[in-house]
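If you read the protein sequences in the order shown, they are chains A and B.
Going left to right, the first sequence walks through residues 1 to 620 as full-length UniProt numbering numbers them.
Going left to right, the second sequence walks through residues 1 to 620 as full-length UniProt numbering numbers them.
Positions of the beta carbon are idealized from the N, C-alpha and C atoms, including for glycine.
Report on one structure; see the data block that follows.
Protein chains: 2
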Amino acid sequence: MDQDQLELSSNLARQLRVDSIRCSTSAGSGHPTSSLSAADLMAVLLVGHLRYDWDRPDLPGNDHLIFSKGHASPLLYSMYRAVGVVNADELINTYRRLGARLAGHPTPALPWVDVATGSLGQGLPDAVGIALAGKYLDELDYHSWVLCGDSETAEGSIWKALDKASYYKLGNLTAIVDINRLGQRGPTELQWDLERYAARVQAFGARAIVIDGHDLEAIDAALGQGREGTDQPTVILARTIKAKGVPELEDKNGWHGKALPPDMAERAIKVLGGATDLRISSPSPADGQVEPAIRPDPGAKIDLPVFELGEKVATRVAFGAAIAALAARPEIVVVDGEVGNSTHAEDFGAVCPERYFQMFIAEQQLVASAVGLAVRGYIPFASTFAVFFSRAFDFIRMAGISRANIRLVGSHAGVEIGEDGPSQMALEDLASLRAVFGSVVLYPGDATCTAALTATMADTRGIVYLRTTRGAYPVIYPAGEAFPIGGSKVHHAAPGDQVALIGAGVTLHECLAAAKELGGLGIQARVIDAYSIKPIDRDALVEACMATGSRLVVVEDHYPEGGLGSAVLEALADASVPALNIAHLAVQSLPTSGKPAELLDAAGISSRHIVAAARKLAGQ
Amino acid sequence: MDQDQLELSSNLARQLRVDSIRCSTSAGSGHPTSSLSAADLMAVLLVGHLRYDWDRPDLPGNDHLIFSKGHASPLLYSMYRAVGVVNADELINTYRRLGARLAGHPTPALPWVDVATGSLGQGLPDAVGIALAGKYLDELDYHSWVLCGDSETAEGSIWKALDKASYYKLGNLTAIVDINRLGQRGPTELQWDLERYAARVQAFGARAIVIDGHDLEAIDAALGQGREGTDQPTVILARTIKAKGVPELEDKNGWHGKALPPDMAERAIKVLGGATDLRISSPSPADGQVEPAIRPDPGAKIDLPVFELGEKVATRVAFGAAIAALAARPEIVVVDGEVGNSTHAEDFGAVCPERYFQMFIAEQQLVASAVGLAVRGYIPFASTFAVFFSRAFDFIRMAGISRANIRLVGSHAGVEIGEDGPSQMALEDLASLRAVFGSVVLYPGDATCTAALTATMADTRGIVYLRTTRGAYPVIYPAGEAFPIGGSKVHHAAPGDQVALIGAGVTLHECLAAAKELGGLGIQARVIDAYSIKPIDRDALVEACMATGSRLVVVEDHYPEGGLGSAVLEALADASVPALNIAHLAVQSLPTSGKPAELLDAAGISSRHIVAAARKLAGQ
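The structure is reproduced here in structure tokens:
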């Protein structure tokens with residue numbers, strides 16, 4: 001940057017500080033002091049380094065800017081004002097108000113925000129996904145810049161992210177750590193020990209650049225180095241002062257997350273030189289880099305695998321075959337958590353290694369990479385054992401707030417996994433993932449259904465979760481059968497049905513066996529395959545209640561709370577159906593190891609138990 | 001160790017290998033190759049360093065041994081056989097069988113296992129909690145030894161754990177990393193790059209000792225250094241060979257998690273010299289160190305805070321006052337996630353800094369520390385914002401399998417938090433935490449109830465979760481009122497009730513306001529305060545259904561799935577009550593920022609909406 005630009009940056013930094021104070025004081029809450037510490041860093045970035053066409057936020061060549069420290073939203077929104085996409089009125093008078101897009105923490109309700117942040121330690125992992133897309137898929141020169149707080153370096157996810165950034169040689173990623181020494185309730189663990197920060201960063205394979213975060217020339221040099229062409233991600237460790245620019249608050253504990261009272265704000269703004277109306281033009285994305293190397297082809301012909309009726313196929317195997325077929329669509333990407341040979345995600349890697357990313361055993365990064373890839377329009381399928389998505393639950397929750405389009409495939413769910421024991425059983429995944437905003441939860445019972453749902457979920461918006469099974473079970477649906485989201489399959493329905501058996505996945509087969517046995521006992525039972533657990537097929541449930549006098553047996557390989565049973569009940573809570581008479585069979589005690597069939601039986605969810613429950617409901 | 005001990009170790013290592021093969025081949029599954037790589041490490045540990053009285057696993061002075069790589073259970077159980085607490089019959093014929101305590105991954109069903117492992121990256125964080133107890137509370141000389149896999153170093157939680165171990169100067173902790181180069185589906189990220197491992201370990205403040213993990217003398221020296229008196233935790237980085245001792249499988253990919261077929265097992269055992277019956281005596285815990293410095297005093301007099309009826313008090317404030325009062329019990333410990341000034345956990349720290357541990361922003365370590373402290377019999381209260389327990393969900397799940405006694409207190413739950421926006425709102429915590437095995441979920445509506453529940457939860461076994469509220473609401477219960485787990489409080493009940501309003505926490509106040517308004521409209525409504533969400537007061541719900549014709553309005557500050565609404569429905573699924581006619585008011589869309597009252601209203605869970613729903617149910 002030349003002297004003019006440095007002077008502009010200096011003036012901009014002042015304006016960003018003033019605006020950060022103005023909007024938070026007007027709102028009566030927010031994090032001005034955490035914004036002020038990073039104002040110089042962001043001013044130089046905006047004036048000289050962030051290549052971004054603010055009128056065209058969807059431009060493929062735009063850089064990406066993520067505030068991993070999302071609480072510094074006053075600073076981010078003040079930057080938006082400085083580039084002219086948010087005006088002073090919106091900034092000052094809507095920030096943190098009901099319905100406003102300038103929320104307390106950034107969300108993609110704003111077109112310039114890639115991902116929702118505010119749960120610390122997630123912005124950098126998300127950016128790794130974007131940088132992966134940039135380097136390996138888009139093949140564009142955009143750079144991803146991430147503003148991190150120092151407190152959030154206590155989250156392990158930051159180190160996982162750097163590790164993967166280094167492993168994938170993401171020189172197109174720069175993290176800027178605003179080391180202002182003070183967390184919410186007092187000093188951070190490392191305070192201003194920049195050397196220790198640098199040692200950690202280097203040990204995890206990134207280039208560390210230590211600077212004074214208020215020295216504009218040093219910032220400019222560091223950001224320039226960040227973009228410049230090594231194969232290493234860069235971490236700028238910026239020593240800063242919390243509340244910098246407001247002398248009475250600088251480096252003072254007790255002011256985290258507090259707006260300045262109006263009188264103090266007035267004094268501060270005066271010291272800073274008053275409100276200004278600088279208008280900044282960021283550098284433009286370079287010409288000739290606007291088209292990503294990969295173009296989506298949602299209409300590509302997909303030859304889904306076909307399975308013979310009666311053939312025994314594990315649904316995880318069917319997923320593998322289907323996702324491999326989906327490789328024909330260039331926008332489909334698969335991310336593995338070092339278990340691709342078990343989940344069968346590696347079947348995709350075998351046919352399409354260039355869109356298959358290994359995240360090793362780092363499930364938070366697995367999900368974050370998917371979120372980042374989705375930012376760039378890819379359709380990522382992230383897969384691991386169902387149970388290990390619990391490790392990334394906060395990331396999945398935040399992906400819901402981001403309205404990210406990601407696909408999660410969890411294999412080896414339930415007691416059915418057998419000998420490995422309870423630590424490997426997902427017995428709470430349906431509950432937790434149903435509760436994620438905008439989620440879809442699918443649990444197919446056979447290979448045909450799995451393949452069809454795998455294809456369908458590619459084009460289903462939101463957080464779409466597919467639960468697959470370890471063991472092999474008979475194919476029960478013919479090729480070509482349709483499995484819409486929100487649908488179900490009803491077996492053996494007849495007007496005189498005395499009871500309905502509702503299962504999904506592995507318990508569907510138990511229900512089918514039970515229905516057969518019940519038939520022999522003279523009890524007419526229909527079976528509902530609730531492959532779509534969220535949304536669930538309410539019409540089929542209501543119809544079953546009307547037919548059977550609401551005598552239902554709901555069977556699930558999951559703990560009793562929040563899973564299929566709850567989904568059924570929630571759907572019927574306000575339905576005009578006969579009084580409910582539901583037997584809910586679920587895993588009630590802590591399972592041990594054992595063979596799958598033994599464990600299903602010990603948990604009380606095998607056909608034998610279903611038959612007994614149905615007989616009781618039918619009064620026989 | 002002397003030459004005899006080294007020779008004994010060598011023979012023991014052979015036996016551990018043979019037994020690991022025998023039990024897994026007999027089971028037909030398991031991880032023998034991952035056991036063989038660490039057999040030399042564990043043999044030397046057992047012969048010369050692990051101070052443990054195997055007949056008295058509860059002895060306070062015993063060392064602790066945690067297999068963070070829980071899949072190496074064949075090795076662990078073979079060690080148990082070598083010290084004589086498990087016999088050959090149990091080892092060979094029950095491993096991985098239904099109901100057996102020798103499960104696929106270790107659980108505390110075995111008295112020598114402190115915590116369940118099998119979800120990688122958790123054993124070391126748990127051990128940090130044990131080591132904290134040893135150094136700061138028990139003041140005993142026991143050492144915690146953790147066997148880690150190399151794959152699991154990809155989990156950020158490992159680095160958080162080392163960081164906290166270093167911060168707290170836990171020289172009483174040694175991690176032994178079995179770097180066998182091969183993960184489940186192929187090479188690990190760093191393979192045998194021991195230098196990079198060492199740089200990371202050192203950067204995170206631990207002492208790194210690099211050794212050949214099959215050199216018994218080197219192992220002995222490293223373990224000795226591990227115990228010896230620095231203030232630094234030790235990480236022994238042991239270069240090992242997967243399947244070491246079975247030439248045809250050594251360092252060979254494709255053999256992770258596979259039992260040797262019988263013929264191969266036979267050959268391997270022959271090469272290893274056949275089955276033996278060595279019986280090892282571990283070193284004893286030193287005399288004079290058997291009594292911990294802190295003795296529990298469950299009967300200590302607790303002066304719970306008293307609140308005036310009508311006074312406005314936030315339940316998080318009431319929690320702070322109550323937990324500070326509980327400091328009178330020496331077994332109560334509080335762990336903070338750098339938000340103690342918001343959760344009011346710091347009120348405990350103010351009166352009892354010696355039992356208040358800061359984990360900074362590392363929620364997984366927050367929960368793991370609690371688990372480790374509970375291993376030593378302490379009653380840990382871990383608290384952060386409710387939403388951030390989602391970051392530690394897998395740890396909480398595993399704590400359920402460990403049957404750990406931990407207390408979780410989450411503040412700032414629901415849209416009620418206001419301006420900070422959705423990233424800070426816990427709108428899925430009730431769903432996810434209800435689904436944890438053995439959990440109790442509490443959500444008090446006022447300060448009196450909160451204080452009483454805080455005291456009660458101290459003595460409630462399992463994973464006990466308390467959800468507190470940001471804002472201040474009127475005290476509605478007099479001091480001394482009883483709030484049993486599984487109970488509820490029914491307000492305004494009368495025989496002619498037309499509708500029941502069911503709320504908890506913040507929505508209780510909305511229900512009470514609605515009932516008043518409904519009364520003015522001539523609609524008689526009872527209100528149920530469901531402060532105990534799991535277990536829920538089924539009797540009160542059934543009675544309300546009988547009184548009102550099952551006309552219920554259930555209102556919760558949570559997404560619709562899996563929370564209070566589901567808890568109510570699950571309780572009524574098989575009850576003989578009139579056909580359900582339930583209005584379920586929950587947060588249906590993604591909230592923005594706003595004022596608490598505005599957000600409750602916008603989400604459709606304010607008294608206005610409750611009144612409308614109740615009128616509809618009452619046909620008015």
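- Note that the C-beta distance between residue 132(A) and residue 170(A) is below 8 Å.
- With a 10 Å radius around the Cβ and a threshold of 16 neighbouring Cβ atoms, residue 16(B) comes out buried.
- Between residue 319(A) and residue 313(A), the gap from beta carbon to beta carbon reaches 8 Å or more.
- By the CB criterion at 8 Å, residue 444(A) and residue 343(A) fall outside the cutoff.
- Per DSSP, residue 148(A) is one residue of the beta strand (DSSP E) stretching across 144 to 149.
- Here the stretch 348 to 365 of chain A makes no contact with the stretch 93 to 107 of chain A; the two share fewer than three CB pairs at distances below 8 Å.
- For residue 527(A), the uninterrupted beta strand (DSSP E) segment begins and ends at 525 to 529.
- Secondary structure at residue 93(A): helix, using DSSP grouped into helix, strand and coil.
- Rounded to the nearest angstrom, the Cβ distance from residue 199(A) to residue 203(B) is 4 Å, consistent with a contact under 8 Å.
- Per DSSP, reduced to three states, the secondary structure at residue 160(B) is helical.
- For residue 398(B), the nearest beta carbon of chain A is closer than 8 Å to its own beta carbon.
- In the three-state DSSP reduction, residue 29(A) falls in the coil class, being neither helix nor strand.
- DSSP places residue 309(B) outside any beta strand (DSSP E), giving it a letter other than H or E.
- Residue pairing of residue 584(B) in beta bridges, as defined by DSSP: 554(B).
- Linking residue 130(B) to residue 290(B) through their CA atoms gives a straight-line distance of about 16 Å.
- Taking 3 residues as the minimum length, the beta strand (DSSP E) runs contained wholly in the stretch 316 to 350 of chain B are 332 to 336, in order along the chain.
- With a cutoff of 8 Å on beta-carbon distance, residue 510(A) and residue 430(A) are scored as not near each other.
- Under DSSP, residue 66(A) forms a beta bridge with 146(A).
- Ranking 187(A), 63(A), 353(A), 471(A) by CA distance to the CA of residue 174(A) puts 63(A) first.
- Put simply, the CB of residue 592(A) is near chain B, with a gap under 8 Å to one of its CB atoms.
- Contacts with chain B (Cβ-Cβ distance below 8 Å) from the stretch 190 to 204 of chain A involve 196, 199, 200, 202, 203, 204, listed in chain order.
- Residue 22(B) sits in a helix when the DSSP states are folded into three classes.
- In the DSSP assignment, residue 356(B) falls within the unbroken beta strand (DSSP E) covering 356 to 358.
- Shortest Cα-Cα distance from residue 230(A) to any of 143(A), 264(A), 516(A), 85(A) involves 143(A).
- Out of 427(B), 485(B), 406(B), 213(B), the CA that lies nearest to the CA of residue 35(B) is found in 213(B).
- Against chain A, a Cβ distance below 7 Å from residue 619(B) picks out nothing, because the smallest value is about 14 Å.
- Less than 8 Å divides the Cβ of residue 126(A) from the Cβ of residue 372(A).
- By the Cβ test, the stretch 418 to 425 of chain A is not in contact with the stretch 536 to 553 of chain A, since fewer than three Cβ pairs between them sit closer than 8 Å.
- Taking a cut-off of 8 Å on C-beta distances, the stretch 576 to 583 of chain A does not touch the stretch 476 to 488 of chain A, as fewer than three cross pairs fall below it.
- Among the residues facing chain A, residue 117(B) is included, as its CB has a counterpart in that chain under 8 Å away.
- For residue 361(A), no beta strand (DSSP E) run applies, since DSSP gives it neither H nor E.
- Excluding its 5 nearest sequence neighbours in each direction, residue 265(B) has C-beta neighbours in its own chain below 6 Å: 21, 25, listed in chain order.
- Using a CB distance cut-off of 8 Å, residue 160(B) counts as an interface residue toward chain A.
- For residue 501(A), the enclosing beta strand (DSSP E) has its first and last residue at 499 to 503.
- Contact residues of the stretch 540 to 559 of chain B toward chain A are 559 (C-beta to C-beta distance below 7 Å).
- Restricting attention to alpha helix (DSSP H) runs no shorter than 4 residues, the stretch 186 to 233 of chain A encloses them at 194 to 203, 216 to 227, ordered along the chain.
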